[in-house]
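Student: Quick note: the sequence shown uses our numbering, first residue 833, plus one each step.
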Amino acid sequence: MRRWGRGGLAVLLAVIVVARCCFGHDLIVRVSDRRNVSFGEMMKDLARARVIYAGENHDDPEHHLLQLRIIRELHRAGLPLAIGMEMFTAADQKELDRWVEGKTGLAEFRAFYLRNWTLPWSLYGDILLFARDNRIPLIGLNVPRQITRKVAATGFASLTPEERRMLPPAVTCDVDSAYMAMIRRSFSNHDANPRTFKNFCEAQMLWNKAMAYHLAEFVRKNPRRTVVVITGGGHALRGGMPAQAVKENPALAGRVVLPDPVIPPGSITPADGDYLWISH
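Set out below in structure tokens:
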């Protein structure tokens, strides 16, 4: 995939320097033309999308504040919303529905959250409370962690018929060169263990394909809702979950918002995402 040349990088870096001096704490770069845009300009564009993929580094509180700002603004604009979350599985849907309907207390739901996701409640609590307080549906997108761990260890072919229930029929490590490079970087950052790169890649693709499948199923049943997808930056990259969602439904290409440092400012292209959001 073609990356920006030296001239393009110089333009982007100059935009970053000027924006940090003159536009306050947040810098939003529209990747298509490398221009700094306001939050309002970005939101006008996002409001036209069927799906907004809002990437994150899971443990960065700033990234979750940015996600919540997007959700709040879309809600304020009167759009019927849903929030898709990597942090919950499709099997969790009844519990998510009970929370949004106000049938589950805070202490009980916090315990449920912590059984699904190991990071502190404080990182996602404001998003989950906003969804409950405004009756915004939450969508469990993921598959059980033990399934992806098994695929990472022994490959997709090792799954039993029961384990494949509610999963895509086939998973292969078939991605474009840019996304393959990202998966290789991720693999190299993991501790050495017996699993092969092929199995690791299949596990990542299972994650992307399954989340795309569950997203597409929700949109099919709820065609009028705009969905904000909360997921790790590696999945939010256009070559990740969005590419798989397009295979399920071309209307799910959506918009991709990536916060720094999910991807280095000098290397992002329109093939990766639509907006780069740098805070503070």
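Beta carbons: idealized from backbone N, C-alpha and C, even for Gly. Bear in mind the structure is a predicted one, so any value in this text is a computation, not a measurement.
Use the C-beta contact count for arginine 880: other C-beta atoms within 10 angstroms, 16 or more gives buried, fewer gives exposed.
Tutor: Residue numbering aside, residue 880 sits at position 48 when the sequence shown is read from its first letter. Per the 10 Å Cβ criterion, exposed.
Student: Any chance you could list the beta strand (DSSP E) runs of at least 3 consecutive residues sitting entirely within the segment 939-1017, in chain order?
Tutor: Counting whole runs of 3 or more residues, the segment 939-1017 contains the beta strand (DSSP E) stretches 970-974.
Student: Among Asp892, Ala1103, Ile915, Tyr1107, which residue has its Cα nearest to the Cα of aspartate 953?
Tutor: The residue you call residue 953 lines up with position 121 of the sequence shown. Per the sequence presented here, residue 953 reads as tryptophan, with aspartate not at that position. Residue Asp892 is the option with its Cα nearest to tryptophan 953.
Student: Taking 8 Å as the limit between beta carbons, can you name the residues of its chain near lysine 1118, skipping five residues before and five after?
Tutor: An answer regarding residue 1118 cannot be provided, because it is not within the stretch 833 to 1112 covered by the chain.
Student: In the DSSP output, what is valine 883 paired with across the bridge?
Tutor: As a first step, residue 883 must be located in the sequence shown, where it is residue number 51. Paired residue(s): Val1059.
Student: Compare the C-beta of aspartate 1104 against all C-beta atoms of chain B and say whether one is closer than 8 Å.
Tutor: No chain B appears in the structure shown, which is made up of a single protein chain.
Student: Would you call alanine 886 buried or exposed, if buried means 16 or more other Cβ atoms sit within 10 Å of its Cβ?
Tutor: On the sequence shown, residue 886 is found 54 positions in, with the first residue counted as 1. It is buried - the Cβ of alanine 886 has at least 16 other Cβ atoms within 10 Å.
Student: Find out if the Cβ-Cβ distance for the pair isoleucine 902, tyrosine 1107 is shorter than 8 Å.
Tutor: In the sequence shown, residue 902 corresponds to position 70, counting from 1. In the sequence shown, residue 1107 corresponds to position 275, counting from 1. No; because the gap between Cβ atoms is not below 8 Å, this pair is not in contact.
Student: Let me check one thing: in DSSP terms, what residues is alanine 914 bridge-paired to?
Tutor: As a first step, residue 914 is located in the sequence shown; it is residue number 82 there, counting from the start. Alanine 914 pairs with Val1059.
Student: In angstroms with no decimal places, state the Cα-to-Cα distance between threonine 1146 and alanine 922.
Tutor: Because the chain in this structure spans residues 833 to 1112, residue 1146 falls outside the shown range and cannot be described.
Student: Using the rule of at least 16 other Cβ atoms within 10 Å of the residue's Cβ for burial, across every protein chain shown, is lysine 982 buried or exposed?
Tutor: Start at 1 with the first residue of the sequence shown, and residue 982 comes out as number 150. With 16 or more Cβ atoms within 10 Å of its Cβ, lysine 982 is classed as buried.
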